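Participant: One structure coming up, written as structure tokens, with questions to follow.
Now the structure itself:
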């Protein structure tokens, strides 16, 4: 873990192709309200996360600069958390405990739904990144974060934003030309496209498996019918010898294959 809160601020300030950036220090934690508890993804971040993820508030307010500066114990909660802890009750102003630390709910996130891979985005709690660093998760060095989520100014500027971020972080982390990066820049658009492609391949494979199953099933039924007819060749021959017509013999054979109740 080599990224820092300062890296996030530098990306916003120095990368012209970047619209906004949000540092994230996250982890799974148990949250408690009254006699109810819920295990969820707790993310320390800034108010920029709402812009970066295009995620509006349903009610309440976002984090203020003062919340970040003073590591205030306030939080924003997603709809899944709201439903499991509060039901139909208004959660604004209520106090929940995260790792036994009290937090006041100041905002409720609008319903976001699932990601393409089925992850529930509403099962989350946002707290100020400084609060996460000092009171919930701790850090291995001052200001440490795990991820910096960045929003480019446009789809066309994505490659430029990636290049600018790479160059800036190399400079800030003092990484030489022949040294490996201590960070990774991932394009979420490419990740989503890869996930969609994987889903298409899986659909094709499942279709192929179903086709093989139907084919094997058809062959099995055909073999049973063939054995049945072969075993009754003598009976059919006698019927034909005494004058039975072909259609009547066939009808008699097929009627005996029907299930009896």
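In this note's numbering, the protein residues as written are 142 to 402.
No residue lacks a Cβ here, since even glycine has one placed at the ideal position from N, Cα and C.
This structure is a prediction, so every number in the text was calculated from the model and none was measured.
1) Near residue 268, what residues of its chain come up, given a Cβ to Cβ distance below 6 Å and the 5 sequence neighbours on each side ignored?
2) Put residue 265 into one of helix, strand or coil per three-state DSSP.
3) Count the C-beta pairs between the stretch 270-286 and the stretch 208-222 that are closer than 8 Å, then say yes if the count reaches three, no if not.
4) Quick check on the DSSP output: what are the complete beta strand (DSSP E) runs of length 3 or more inside the stretch 235-319, in order along the chain?
5) Given a cut-off of 8 Å on the beta-carbon distance, is the pair residue 287 and residue 165 in contact?
6) Strictly by DSSP, which residues pair up with residue 164?
7) Any chance the CB of residue 329 is under 7 Å from a heavy atom of the ligand MG?
8) Is residue 217 helix, strand or coil by DSSP?
9) Find the nearest neighbour of residue 147 within the set 194, 197, 289 and 297, judged by alpha-carbon distance.
10) Let me know if residue 204 comes out buried or exposed under the rule of 16 or more other beta-carbons within 10 Å of its beta-carbon.
11) For residue 188, which residues in the same chain have their Cβ closer than 6 Å to its Cβ, ignoring the five residues on either side in sequence?
12) Of the residues 168, 307, 343 and 149, which one's Cα is nearest the Cα of residue 193?
13) For residue 151, I'd like the list of residues in its chain whose CB is within less than 7 Å of its CB, leaving aside the five on either flank, ordered along the chain.
14) If you check the beta carbons only, do residue 226 and residue 177 fall under 8 Å apart?
15) Just tell me which of 341, 228, 299 and 343 has its CA closest to the CA of residue 326.
16) Using only the alpha-carbon positions, how far apart do residue 158 and residue 328 sit?
17) Return the CA-CA distance between residue 240 and residue 347, expressed in angstroms with no decimal places.
18) Compare the C-alpha of residue 252 against each of 198, 171, 168 and 143 and name the closest.
19) Is it the case that the Cβ atoms of residue 173 and residue 237 are separated by a distance below 8 Å?
20) Should residue 242 be labelled buried (16 or more other beta-carbon atoms within 10 Å of its own) or exposed?
21) Quick one, are the C-beta atoms of residue 266 and residue 222 less than 8 Å apart?
22) Opposite residue 182 in the DSSP bridges: which residues?
23) Just mark residue 345 as buried or exposed, buried being the case when its beta carbon has 16 or more other beta carbons within 10 Å.
Facilitator: Walking through what the data contain:
1) 185 and 216
2) strand
3) yes
4) 236-239, 242-250, 265-269 and 288-293
5) yes
6) 289
7) Within the structure as shown, the ligand MG is missing, as the structure has no ligands at all.
8) strand
9) 289
10) buried
11) 203 and 204
12) 149
13) 309 and 313
14) yes
15) 299
16) 14 Å
17) 43 Å
18) 198
19) yes
20) exposed
21) yes
22) 169 and 265
23) exposed
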